[in-house]
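Below: the structure, in C-alpha cells.
In the working numbering, the protein residues as written are 1 to 479.
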C-alpha cells in the first residue's frame, strides 16, 4: 500500500517537473515565484491494517484484513482505491504526533518549498519562522505590490487572515510575524502562540473513545468536560514533537491559550464547535440554483461532481431515460455515478435493461428486465423504494425495493438489502457513459450508449409508479 503511495508521489513529481521544464523553455523559470506545500499531515483513513478501498472509510464500513489480503495483487490498478495503514501514517509524520483530521502537529505540519531566483538572494536555506497556508496569498500580493480590494462591486470583502512571508526570504533571523494561529477540525482544537501550543483532542482524553465512528458529534456536556479537564500544553520552542504535556505545571499559560483560542474562534467564525463529520458530508449545501426535485440530463455533457449532483442515497427516487432503440438493439450506460470503488449504474446490455448498485466494492446488488426491450422509442425507468432504515453508524444505507419499467409496465423487480449510506468518492454522475473504472464488472468503461438517448430525468419527489397487475397479484396471494 505504501508502494502505491510512493509510486503516485513519483508520478506527481514527474508532472511538476513538466511544469518546471516549460517555465525554463519560455525563459520565465528564474522570475516565477514557486511555492509547493502538501495537503495536510499524513492521512489515517486506512485504519490499523489499511484498506483497498478508502470509500469504505467515509461510509463507516471498514474492510477486514482478510478482504484486504484478497485484493493485494490488485493494488495500484483501477480496481482498487487503497490507503496505507496507521504505521505508515506515523512514519510519514515523523517526528510529529498523530495525523490528518486532528490538530496535533502531525495533522497540521507540512513541508513547504519556496523558489524565486530573481526575487531573493538566499539559496538552499531553511527558515524557522512560523507560517501557515493562509500566508501564501498575502505573500503573492505583497511581492506584486497589490493591495487586496476592500470591496468588490460594492460588496465588502473579508480581510485576508494571513501575513506575507516575504520578510523571511533574505533574513533567516527575522522575528516571526505570524504569532498566533488557531486550529479546529471536527471538534479537535489547538492554538499556537509565541512558541507555546495548547491542544484539546476529540474524541476524548487519550483517545479512549477512538472506537466511535468518524466525525462523532460533540455535545455541550462533552465540550464542557473537554474544556475543564482535557486541554494539553506543549512548549514547542523546546519540544517540537509535543512529547511533554505541561498543562499541570503551567496552568496560567494554559488558561491564557484557551482564552485566546476562543477569542480567535469568535473572530474567524469557528463557533459553535461542531464535531460531526458524517453529518456534514451528508448535508445538502446551498447551490447557485434553486432547490428542486427533478433534474434532467443529456448525453455528451460533463460529469457532475457529487456536490452538485442529485442526491439519491437513503430516499425514494426514480430515473427515467427517454431512448430510441434501433433495429438489432442497443447497449450502454444511461446514467451512472461512482466507480469500481462504489457507485451505481442504469444501463442496457444484451437487449435488456439493468440496474446495479456497487456497495463499497464489497457486494453488488441489482435488477434486470425479464424480457428484451423492443426497438423504437421508449421510457426506461428505474425506481427505488426504501423498505427499512439506514444504519449509518455501521456503514449500512437504506435497504429497498428496486423496480424496472418500460413505458410504465413493470419488467423487473428485486430487493436490495444494503446500499451506500454516505458518499460515492471518487467518481461523479455521468449521462450516457461510465468514464473511469466501471461501477460493475458487467461491462467495460466507458460503455457509451449506442442507441439514441434524448434525456435522463432523476426525480427525488418520492412519487413512484404503481403497477396495478402486481398489486392485484400480491393481494390475491395474501388471500
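Note that CB positions come from ideal geometry on N, CA and C, so glycine has one too.
Among all the DSSP beta bridges, which residues are the ones paired with residue i?
{"i": "residue 376", "result": "325"}
{"i": "residue 82", "result": "Partner(s): none; residue 82 has no beta bridge."}
{"i": "residue 197", "result": "192, 234"}
{"i": "residue 391", "result": "396"}
{"i": "residue 401", "result": "385, 415"}
{"i": "residue 181", "result": "192"}
{"i": "residue 409", "result": "406"}
{"i": "residue 368", "result": "354"}
{"i": "residue 420", "result": "Residue 420 pairs with nothing; no bridge assigned."}
Identify the continuous beta strand (DSSP E) that holds residue i and give its terminal residues.
{"i": "residue 235", "result": "232–235"}
{"i": "residue 333", "result": "332–339"}
{"i": "residue 243", "result": "Careful: residue 243 lies outside any beta strand (DSSP E) and carries neither H nor E."}
{"i": "residue 294", "result": "294–297"}
{"i": "residue 506", "result": "Coverage of the chain is limited to positions 1 through 479, which leaves residue 506 absent and any answer about it impossible."}
{"i": "residue 113", "result": "112–115"}
{"i": "residue 31", "result": "Neither: residue 31 is in no beta strand (DSSP E) and is coded neither H nor E."}
{"i": "residue 459", "result": "452–459"}
By the three-class DSSP mapping on this structure, what secondary structure does residue i have?
{"i": "residue 429", "result": "strand"}
{"i": "residue 99", "result": "coil"}
{"i": "residue 363", "result": "strand"}
{"i": "residue 138", "result": "helix"}
{"i": "residue 480", "result": "It is not possible to answer for residue 480, since the shown part of the chain is limited to 1 through 479."}
{"i": "residue 105", "result": "helix"}
{"i": "residue 259", "result": "helix"}
{"i": "residue 318", "result": "strand"}
{"i": "residue 415", "result": "strand"}
{"i": "residue 434", "result": "coil"}
{"i": "residue 251", "result": "helix"}
{"i": "residue 358", "result": "strand"}
{"i": "residue 51", "result": "strand"}
{"i": "residue 165", "result": "coil"}
{"i": "residue 352", "result": "strand"}
{"i": "residue 462", "result": "coil"}
{"i": "residue 280", "result": "helix"}
{"i": "residue 304", "result": "strand"}
{"i": "residue 205", "result": "The pLDDT assigned to residue 205 is 47, lower than 50, so where the model puts this residue is not dependable; a value taken from the coordinates is nonetheless given after this. Correct three-state label for residue 205: helix."}
Suppose the cutoff is 7 Å on Cβ atoms and the five residues either side in sequence are ignored; what does the same chain contact list for residue i look like?
{"i": "residue 177", "result": "163, 167"}
{"i": "residue 301", "result": "431"}
{"i": "residue 356", "result": "344, 345, 364, 366, 439, 440, 442"}
{"i": "residue 420", "result": "59, 313, 342, 359, 360, 397"}
{"i": "residue 194", "result": "179"}
{"i": "residue 481", "result": "In the structure as shown, the chain starts at 1 and stops at 479, and residue 481 therefore has no counterpart that could be examined."}
Which residues in the same chain as residue i place their Cβ atom closer than 6 Å to its Cβ, once the five residues preceding and following it in sequence are excluded?
{"i": "residue 129", "result": "168, 176"}
{"i": "residue 341", "result": "53, 55, 81, 361"}
{"i": "residue 377", "result": "324"}
{"i": "residue 482", "result": "Lying outside 1 to 479, the shown extent of the chain, residue 482 is not represented and no answer is given."}
{"i": "residue 433", "result": "333, 446, 448"}
{"i": "residue 116", "result": "33"}
Using a Cβ-Cβ cutoff of less than 8 Å, which residues in the same chain neighbour residue i once the five nearest sequence positions on both sides are dropped?
{"i": "residue 112", "result": "35, 36, 37, 131"}
{"i": "residue 207", "result": "Note that residue 207 scores 44 on pLDDT, short of 50, meaning its location in the model is unreliable and no value can be drawn from it."}
{"i": "residue 461", "result": "293, 294"}
{"i": "residue 388", "result": "398, 399, 400"}
Does any CB atom of chain B fall closer than 8 Å to the CB of residue i?
{"i": "residue 49", "result": "Protein chains in the displayed structure number just one, and chain B is not present."}
First and last residue of the alpha helix (DSSP H) that includes residue i?
{"i": "residue 220", "result": "220–229"}
{"i": "residue 16", "result": "2–25"}
{"i": "residue 57", "result": "55–58"}
{"i": "residue 67", "result": "65–70"}
Legend entry - Three CB pairs or more closer than 8 Å across the region 51–61 and the region 95–103: Contact annotation: the region 51–61 does not touch the region 95–103, with fewer than three C-beta pairs closer than 8 Å.
Inset, instruction - Could you tell me whether the region 436–448 touches the region 392–408, where touching means 3 or more Cβ pairs closer than 8 Å? - result: Touching, no, given that fewer than three Cβ pairs across the two stretches are closer than 8 Å.
Legend entry - the region 260–279 contacting the region 172–187, beta-carbon criterion three pairs below 8 Å: Yes, the region 260–279 touches the region 172–187.
Inset, instruction - Determine contact between the region 324–338 and the region 391–402, defined as no fewer than three beta-carbon pairs at a distance below 8 Å. - result: When C-beta atoms of the region 324–338 are compared with those of the region 391–402, fewer than three pairs fall below 8 Å, so the two segments do not count as touching.
Inset, instruction - Spell out a yes or no on whether the region 132–150 and the region 33–51 are touching, meaning 3 or more CB-CB pairs, one atom from each, closer than 8 Å. - result: Here the region 132–150 lies against the region 33–51, with 3 or more beta-carbon pairs under 8 Å apart.
Legend entry - contact_flag[the region 376–390, the region 406–423] where n(CB pairs < 8 Å) is 3 or more: Verdict: yes, contact present.
Legend entry - Cβ contact (3+ pairs, closer than 8 Å) linking the region 229–244 and the region 183–201: Flag = yes, the region 229–244 and the region 183–201 touch.
Legend entry - the region 294–313 in contact with the region 453–461 per 3-pair CB rule at 8 Å: By the C-beta criterion, the region 294–313 is judged to be in contact with the region 453–461, since at least 3 inter-stretch pairs fall below 8 Å.
Legend entry - Sufficient close CB pairs (3 or more, under 8 Å) joining the region 72–89 to the region 12–32: No, the region 72–89 is not in contact with the region 12–32.
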